[in-house]
Structures are given as structure tokens and as C-alpha cells.
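Student: One structure, pasted below without further comment.
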Amino acid sequence: MTKENRYPDIIFIGQPNSGKSTLFNAIAGLKAETSNFPGTTVKHTHSRVYVKGKVVNIIDLPGTYSLNPSDPAEKVALTHLFSEKPDLIVNVVDASVLSRSLELTLELIELEYPMILVLNMIDLAKKKGIEINVEKLEEILGVPVIPTIASRGRGIKEMLDAVFKALEKGLTIAHIKWSRDVEDKIEELGKKLPENLPVVANKRFTAIKMIEASGLFADKIVKEISFSFSKVLNRVRQDLETAHSAPAYEVTAAERHNLAHKIFEKSSQVKRGRRTTFLDKVDEFIMHPILGYLVLIAVFLGFFFVIFKVGNPLEGLLLGPLDKLRSLLLHHLGRNIIFYLADGLLQGIGGGVAIVLPYFIPLLFLMSFLEDLGYLARAGFLMDTFMHQIGLHGKSISPFILGFGCNVPAIISTRILESRRDRIITSLLIPFIPCSARTTIILALVAFYLGPLWAFGFYLFNIILIAVIGRVITLFVKSPSPGLILEIPSLKIPSLKSMLQKTYFQLKSFIKFAWPILIAGSVILGLLQYLNFDRFINLVLSPLVEKGLGLPRDLGVTLVFGFLRKELSLLMALQSLGVRYQNLLQVISKNQIIIFTMFVNFFIPCLSTVAILWKEMGKKIAFLSMALNVSVAIALSFLFRLILGKL
Amino acid sequence: MIRLADAPHDSSLRIVDILGGHGVRRRLFALGFHKDDIIELDSKSILGGPVLVRNLTSETSVALGRGIAQKIMVEVVDKRE
Chain B
1 MTKENRYPDI IFIGQPNSGK STLFNAIAGL KAETSNFPGT TVKHTHSRVY
51 VKGKVVNIID LPGTYSLNPS DPAEKVALTH LFSEKPDLIV NVVDASVLSR
101 SLELTLELIE LEYPMILVLN MIDLAKKKGI EINVEKLEEI LGVPVIPTIA
151 SRGRGIKEML DAVFKALEKG LTIAHIKWSR DVEDKIEELG KKLPENLPVV
201 ANKRFTAIKM IEASGLFADK IVKEISFSFS KVLNRVRQDL ETAHSAPAYE
251 VTAAERHNLA HKIFEKSSQV KRGRRTTFLD KVDEFIMHPI LGYLVLIAVF
301 LGFFFVIFKV GNPLEGLLLG PLDKLRSLLL HHLGRNIIFY LADGLLQGIG
351 GGVAIVLPYF IPLLFLMSFL EDLGYLARAG FLMDTFMHQI GLHGKSISPF
401 ILGFGCNVPA IISTRILESR RDRIITSLLI PFIPCSARTT IILALVAFYL
451 GPLWAFGFYL FNIILIAVIG RVITLFVKSP SPGLILEIPS LKIPSLKSML
501 QKTYFQLKSF IKFAWPILIA GSVILGLLQY LNFDRFINLV LSPLVEKGLG
551 LPRDLGVTLV FGFLRKELSL LMALQSLGVR YQNLLQVISK NQIIIFTMFV
601 NFFIPCLSTV AILWKEMGKK IAFLSMALNV SVAIALSFLF RLILGKL
Chain V
648 MIRLADAPHD SSLRIVDILG GHGVRRRLFA LGFHKDDIIE LDSKSILGGP
698 VLVRNLTSET SVALGRGIAQ KIMVEVVDKR E
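The listed protein sequences correspond, in order, to chains B and V. Residues 1 to 647 in the numbering used here are what the first sequence spells out, letter by letter. Residues 648 to 728 in the numbering used here are what the second sequence spells out, letter by letter.
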């Protein structure tokens, strides 16, 4: 980012669950999401905001626990912070976990950039029996401290006042001294920093980050820049390690930890023996080793029940007018190229409005409810054991649930996983999750012609299949999963505003990324149809479709359509077979319906999913995913043909 | 000294050592888990699943997978009343 504008840059930074995004939203409007699950703000959000007659650039960084990144989302935060000096840092902390949060605050103070501290959720801290003396905290840290309750809009005005005061008058921030022996070592190293090494913020900060970088990539760079300095660095580390009998990075982390705890004790009073609240009792219940799982099952069954109860009628409601519009088009235009192109466009836009959104919006809304409540993290805890069976851990549960709505945002959200290994496995499994488009097919074919129990069985089979594939993939990946380390935030009553904001945020990635591809695919389809290209495709695919799967040859083309848009497979199947939906059984059997659904469902992930896989995980993973899906789809359909044929 | 995974539920525990690689250690530090912190086990899921740990020093709750709980060495400080 270049500083071509004269507007001041303000960086919002805080640990996950600090309410940073809620606060940001209070200022910037519907721009970012909040999160209870570490790091769903995976990209940073830039907003040029007009506040109190002035324009400022606000940069909302993903939640980060420290300035030593451990997952891709956290790395985003740091690259930004280190690349350019902001005019002001707004550090948002959850006041109810002040001691832990101050560790990041202390690290930020080490930068010695102008900064203010926002004590958010001050009400929650009070409920926990923590009384914070704001003046005292200000005095110790040397940083303006503003208490807020962002979810209810309290303290926002005071915070903005502090922001503008800091921007106008400037702030001098000085680091807080650590133990004498550690400080001496840092100073020694700071003096010997080579000339050609870029200094981040100040010499002390750079020296500390050097010490902490042991075993990381930065270490190698240092060695290349100056071998003699690298030797000094190693000796300093060694001195610290001998003196404290712990790795050097642990020594600095422990310094902050102890300092943070001391500051917390000096500035706050904790009333012990607080009452157990209603939410505490609820928490005990939902985390119970047996009852907790019953609750979990009930929650998820209820979750999907609500989505279908809302989505299904809505879809019917929206599809009707679309069909009318289509026949109107046909009537006025006739079967010429304009009709086919217009029809493609209409189907592309309509497919998004009528098929994906009716299921996806309720899913996103309910999911943000569970997330803000703090239940999603708890579900991650409860599911950890099962996820281990497929080589993952509890944190992958959130991308999986998202996948039932649309695979595209689900794959983006795998950024919350720390290790690339976990990201790869999760991203390879997500395309097997029936998204709303595929659910439409399952409902329309399996549920309608064979009954709801069959559809339920299909779903169950699908989930078991994901587990089996996960298990098989892990056989090929040698390194074990790093394991679950997940903060469990306190249960909170979610605010409607925050849930709506989060729903909107996730929806944006569908609208901005998946939908345009869906529309483009649809228009291409229209063109192919106009050119009668479908007959050619049918011919090419006939060995697979007719001989392999035992389906009518005319269905071949629908598979290609399935790649461009999953739910179109159904529509096209009816079209190419030349029957109305109600009369489908006259041309194909129930068994064929199952095989067809099976194949379409597991066949190549749709174009948008492949594109996002490519973008997020690279070409190799995208191709691997396609190959995996195609082989599973062919193998399963073939297997089911054999089994069903014997019955 | 015992592993956190085998520690009793009714006691306060002190973290004596955190074994394991850089990645795990750094992540635990970042979440406010350090040597000498006083912690408690909150609940234990069935089937050898993760443990829920409450850190009394930094007032946070964290879920730790079984493998990680085996890398944290603790000693019993005193029994909870």
C-alpha cells in the first residue's frame, strides 16, 4: 500500500473474540464481520470512513494472539503491520480476559507507534467479578485507555474522541522494561544489527523479533545478510537459554506473560466467589461428556431442519416467476441465439437467487448465531474426537458446516487452520459436501421419487463417505495433524446486528466470486445448446454413460452442465430426456435416479469451487480434487449399479 | 509430575513443562499458557477426546487435543474444595 493519500491510516488489531470487528462495524458500517471462532476475519478489510467531518483509512486486521504468526490469517495481520507505519494503532482487548490480552498489547507497545487501548466488553468483565481501574492502567501502560461495550454502542464516541485527539496531538509511546538481564541482551543485539538489515519500528523491537525467530524462515535470511551478525544472534539466544533454561522465544514470551499478569494485578481487582450465572449452567450442560453430544446432535438436526423449512418453500416461490419469465422470453424471441444467451443469463442470475440463496442465507444466519453464541467453538471441542478419526481436528468443523451452503466460502474459511496439511485435507473433503445446489437435486430427485427417508439415507451415506475419504487421504499424508488448540470463549447472547453483518460478509464471497462464474457458465451453456453441441458431447460420453452407468445416452450432456453448474444437471436432464418433471419415471427407473444423483453429486466440483481451490490452494490441489471427485463418482455409481441391479 | 491428559479433575495444577515442537509451544504461549501457570481441568470428553482447560492465571478457557494434553507436564497444587 502506498501513501498516496493524505488520509491517516488507523489499524484495528486485537486477539480473536475481542469484539474488534463489532467495534469496527460501529464506525465503518456494514463492512466487516465479527467472530467468536478464531480468525474468521481472514482477510483484512480496508475502509475509507468519513467520521466527524474527517476522512480516515481504517484497516481491520484479522484477529491475532501475538505478533508471532501461526496461521495464515494471522500472517495477513503481521505483513500489514510491518510493511508500513500506521498513524495510529487501535488495540481492542476483551476486558474479561485482560491479563492474557495484555500480552499482545505489550508487544504492540514495543513497536512504539502511536496507539490507544480499547477495553471492550467491560460489562462482561464486571460480570466475571473483574473491576479494572482505567486510570491506573493508563498510567502503567502510558497509553490512552477507553472502556467500551461495542455490541451496545457504548463508549464509541469516547473512543473516536481519543482517536482524533491522538491523530491531532500525536502520542509518545515507550516500551515497558523487562528483566534486567534480558534487556541487556536485547540492547547488545540491537547495537549490532547490520546496516543493510531493514529495521522494523525500532532497533529494540527488531532485535526481539530476531531472537524470537529461531527456527523460522527469517533466520535463514539473517544468515544470508550477515554471517557475523547471525553468530552474535545465536550467542545471545544461547546466553538467554542457559540463563533461563528455556528456548529464547519462550524467555521473551514469558517476560510479556509475567509483565502482563503483574500489570493486570496492579490495575484490577478480582472478586472471587462470583455467582454461577445462568449461562454457566447452560455451559456445563452443553459441554457434558454425554449430554453434550445429545445437545450437539439435536442442534445440528434442528439446524438443517430449519434451513430446509425456510429454504424449500422459498425456492418454490422464487422458481415459479423465473419459469414464467423464461417462457415469456421464448415466446417473444423464438429459438434463436439471442434467446439462448438471454436464457443462459437469466438461468445464471436466477439460479443464484432461487436455488442457492434460499438455503444459503438461513444457513449463514444460523451459523453466525451459533458462532456468536460461542457454540461453534464448543462444537469443535465435542467433535474433535471424531475429526481425529479422519485425520483432522475440531477446528475443521466450521468450514465443513459452511460447505453445506456453498463450497466456495467454505474453502476460503479453511484459512483458520494453522497447518497447510489440515488445510489441504479439509479443502479436498469440502467438495464432497452437498451444497445447496446439490441438495436441491437430492430433494427433487431422491426425496420426490423415492421418498424423504431415501434422501435422508443419501445424506447419511454422504457423510460416511466423507469420513472414509478423509481416512484414506490421511493414509497418504505422513505428518500427523498438529492437534487442537482452540480458545473456548465465554457464552454470550448474540446481537442481531452482528449476526446480520456476518451473514452479509460471508454472502459477499458467494456474490463476488461464485455467482459471476455461475452466470458465465450459464451463458456458455446457452451457446453450446444453440450450437447443438450437446449431441456431440453425448456421443463422446456414451461409453461411460450408457455402458458404465447404465443411463440413457441423452444424460451425458448433463454431466458437463454439472461441472458448470450443479443444479442445472437436473433441469437439463429433464430437457434432454424430453419429459416433464412429474413424468420422469416413465423414461428412467428409480435405480437409475439413484445412480444419476450419485454421479452428479460427487462428480467434479463445480467450476466456482475449482476456481477457488486453484486460487487458495494452488493448481496441484485443484487438479487433485477434480481427479479425486471424478474417480469417486465413477467408482460409486458403478458400484451402486451392481448392487441395485442385484436387488 | 504427570501429563495433563492424566491429571485429576478435582485439583489445581501447575504447568511444570511444555514439551513438543516450536509450533505447539508458540501457539500455547500466544494463548496465554506458560510454565508456572495455575490451571484446572474443566471437563473431559469421552472416547479419549480433547480436554477443556481453564487457566486461572490468565482467566481463559482453551480446548486442547489429546496429543497436546500429553505434552503438557503438570503437578498437583492442591485439591479443589
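Using N, Cα and C, we set each Cβ at its ideal position, and we do this for glycine too.
Assess contact between the stretch 448-459 of chain B and the stretch 416-429 of chain B, defined as three or more Cβ pairs (one per stretch) separated by less than 8 Å. Is contact present?
Tutor: Contact between the stretch 448-459 of chain B and the stretch 416-429 of chain B is absent, because fewer than three Cβ pairs lie under 8 Å.
Student: Closer than 8 Å, CB to CB, is residue 385 of chain B near chain V or not?
Tutor: Yes, because at least one Cβ of chain V sits closer than 8 Å to the Cβ of residue 385 of chain B.
Student: Check distances from the C-beta atoms of the stretch 696-710 of chain V to those of chain B and list, in chain order, the residues that come in under 7 Å.
Tutor: Within the stretch 696-710 of chain V, the qualifying residues are 696, 697, 699, 704, 705, 706, 707, 708, 709 and 710.
Student: Using a C-beta cutoff of 8 Å, does residue 715 of chain V count as contacting chain B?
Tutor: Yes, residue 715 of chain V lies at the interface with chain B (some Cβ there is under 8 Å from its Cβ).
Student: Consult DSSP for residue 659 of chain V and reduce its assignment to one of helix, strand or coil.
Tutor: It is a strand residue.
Student: Identify every residue that forms a DSSP beta bridge with residue 58 of chain B.
Tutor: B/10 and B/47, per the DSSP bridge assignment.
Student: Using the Cα positions of residue 268 of chain B and residue 125 of chain B, report the straight-line distance between them to the nearest angstrom.
Tutor: In a straight line, the C-alpha of residue 268 of chain B is about 10 Å away from that of residue 125 of chain B.
Student: Helix, strand or coil, according to DSSP, for residue 711 of chain V in the structure here?
Tutor: Three-state DSSP puts residue 711 of chain V in a strand.
Student: Got a sec: is the Cβ-Cβ distance from residue 663 of chain V to anything in chain B below 8 Å?
Tutor: Not closer than 8 Å to any Cβ of chain B, the Cβ of residue 663 of chain V fails to qualify, so no.
Student: Would you call the CB atoms of residue 684 of chain V and residue 704 of chain V closer than 8 Å?
Tutor: Yes; because the gap between Cβ atoms is below 8 Å, this pair is in contact.
Student: For residue 483 of chain B, which residues in chain V fall below 8 Å Cβ to Cβ?
Tutor: Within chain V, the residues near residue 483 of chain B are 671, 711, 712, 713, 714 and 715.
Student: Can you name the start and end residues of the beta strand (DSSP E) that residue 115 of chain B belongs to?
Tutor: First-last of the beta strand (DSSP E) with residue 115 of chain B: 115-120.
Student: Quick one: what's got a C-beta closer than 6 Å to residue 380 of chain B's C-beta in the same chain, skipping five residues either side?
Tutor: Answer for residue 380 of chain B: 394, 395, 397 and 486, listed in chain order.
Student: Starting from residue 688 of chain B, find everything on chain V with Cβ-Cβ shorter than 8 Å and list it in chain order.
Tutor: Beyond the ends of chain B as shown, which are 1 and 647, falls residue 688 of chain B; an answer cannot be given.
Student: Is the Cβ of residue 688 of chain V closer than 8 Å to any Cβ of chain B?
Tutor: So no, residue 688 of chain V is outside the interface.
Student: Quick one, are the C-beta atoms of residue 111 of chain B and residue 144 of chain B less than 8 Å apart?
Tutor: Going by C-beta atoms, residue 111 of chain B is not nearer than 8 Å to residue 144 of chain B.
Student: Can you round the beta-carbon distance between residue 519 of chain B and residue 349 of chain B to whole angstroms, since I take them to be within the 8 Å contact cut?
Tutor: Confirmed, about 6 Å.
Student: Got a sec: which bits of the stretch 49-68 of chain B sit with their beta carbon under 8 Å from any beta carbon on chain V, in order along the chain?
Tutor: Listed by position, the residues of the stretch 49-68 of chain B near chain V (Cβ gap below 8 Å) are 65, 66 and 68.
Student: Going straight from the alpha carbon of residue 86 of chain B to that of residue 254 of chain B, what length do you get?
Tutor: Taking the straight line from one Cα to the other gives about 28 Å.
Student: Strictly by DSSP, which residues pair up with residue 268 of chain B?
Tutor: BP columns for residue 268 of chain B point to B/132.
Student: Beta-carbon of residue 662 of chain B versus every beta-carbon of chain V: anything under 8 Å?
Tutor: Residue 662 of chain B cannot be examined here, being either before or after the span of chain B that is shown, 1 to 647.
Student: Using Cβ-Cβ distances below 8 Å, what residues of the stretch 392-413 of chain B are close to chain V?
Tutor: Listed by position, the residues of the stretch 392-413 of chain B near chain V (Cβ gap below 8 Å) are 393 and 394.
Student: Rounded to a whole number of angstroms, what is the C-alpha to C-alpha distance between residue 411 of chain B and residue 604 of chain B?
Tutor: Roughly 15 Å between the two C-alpha positions.
Student: Does DSSP put residue 338 of chain B in a helix, a strand or coil?
Tutor: Residue 338 of chain B falls in the helix class under three-state DSSP.
Student: Quick one: Cα of residue 522 of chain B to Cα of residue 347 of chain B, how far?
Tutor: Going by the C-alpha atoms only, they are around 7 Å apart.
Student: Considering only residues of the same chain and omitting the five flanking positions on each side of residue 454 of chain B, which have a CB-CB separation below 6 Å?
Tutor: Excluding sequence neighbours, residue 454 of chain B sits near 446.
Student: Hey, out of V/676, V/651 and V/653, whose CA is closest to residue 64 of chain B's CA?
Tutor: Residue 64 of chain B has its Cα closest to that of V/676, out of V/676, V/651 and V/653.
Student: Give, in chain order, every residue of the stretch 549-567 of chain B whose Cβ lies closer than 8 Å to some Cβ of chain V.
Tutor: Listed by position, the residues of the stretch 549-567 of chain B near chain V (Cβ gap below 8 Å) amount to none.
Student: With a CB to CB cut of under 8 Å and the five nearest residues on each side skipped, what residues in its chain are close to residue 462 of chain B?
Tutor: Excluding sequence neighbours, residue 462 of chain B sits near 432, 433, 434 and 601.
Student: Pull out every residue of the stretch 461-478 of chain B whose Cβ sits closer than 9 Å to any Cβ of chain V, in chain order.
Tutor: From the stretch 461-478 of chain B, no residue has a Cβ closer than 9 Å to chain V.
Student: Give the interface partners of residue 459 of chain B over in chain V, defined as CB-CB distance under 9 Å, in chain order.
Tutor: Neighbours of residue 459 of chain B on chain V: none; closest Cβ ~24 Å, over 9 Å.
Student: Which residues in chain B have a C-beta closer than 9 Å to the C-beta of residue 675 of chain V? List them in chain order.
Tutor: 485, listed in chain order.
Student: When the Cα of residue 566 of chain B is compared with those of B/26, B/151 and B/356, which residue comes out closest?
Tutor: Taking only the C-alpha atoms, the option nearest residue 566 of chain B is B/356.
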